[in-house]
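Working notes for the structure below.
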Amino acid sequence: MRDANYLWTILVPRVADISEIYQLDEKDQMQLLRESSFLGQRLMTGFAGHKLNIGALGNRVPQLHLHHIVRFADDPAWPGPIWGKVPGKEYQAEQLAVMVEKLRRLTENYPE
215 MRDANYLWTI LVPRVADISE IYQLDEKDQM QLLRESSFLG QRLMTGFAGH KLNIGALGNR
275 VPQLHLHHIV RFADDPAWPG PIWGKVPGKE YQAEQLAVMV EKLRRLTENY PE
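Mapping the sequence shown onto this note's numbering, position 51 (from 1) lands on 265, and the numbers just tick up by one.
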């Protein structure tokens, strides 16, 4: 979902045709946890969020993916869930480019 109302990213395990975390073998589950923790810490530090919401909903996109949503006390849905609270807002091209570059810098040194 591209929505400039909220800062979020997703992690998608590189395993085809799965929709649930338990379908990953233990090694891949641990890898997902490590990546999620790394991403969450970088997002919260880099954007000074108030709370990090993580969810694996998958109701519309069946491939397993984890949403990482940085929440702020002044965001449009605070303190409730973001889903369906306000109409989506498109990123402007320049705004999106700046955000992508910042995310790249924040996550470039993942310890593999």
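The beta-carbon is built from N, C-alpha and C at its ideal position, and this holds for glycine as well.
Chain-order list of residues whose beta-carbon lies under 8 angstroms from that of residue i (same chain, five-residue window excluded)
i: residue 224; result: 279, 280, 281, 282
Inter-residue spacing [alpha-carbon to alpha-carbon] between residue i and residue j
i: residue 274; j: residue 241; result: 27 angstroms
i: residue 226; j: residue 316; result: 20 angstroms
i: residue 230; j: residue 277; result: 8 angstroms
Bridge partners - residue i, DSSP secondary structure assignment
i: residue 280; result: 225
i: residue 269; result: 281
Best match in the options for proximity to residue i [C-alpha to C-alpha]
i: residue 268; options: 261, 313, 276, 295; result: 295
i: residue 259; options: 324, 325, 326, 320; result: 320
i: residue 286; options: 266, 299, 217; result: 266
i: residue 218; options: 318, 322, 289, 305; result: 305
Short CB-CB distance (under 9 angstroms) between residue i and chain D
i: residue 230; result: Looking for chain D here will not work: only one protein chain is present.
Cutoff 7 angstroms; reference residue i; Cβ partners in own chain excluding five residues on either side
i: residue 238; result: 227, 229, 232, 246
i: residue 252; result: 324
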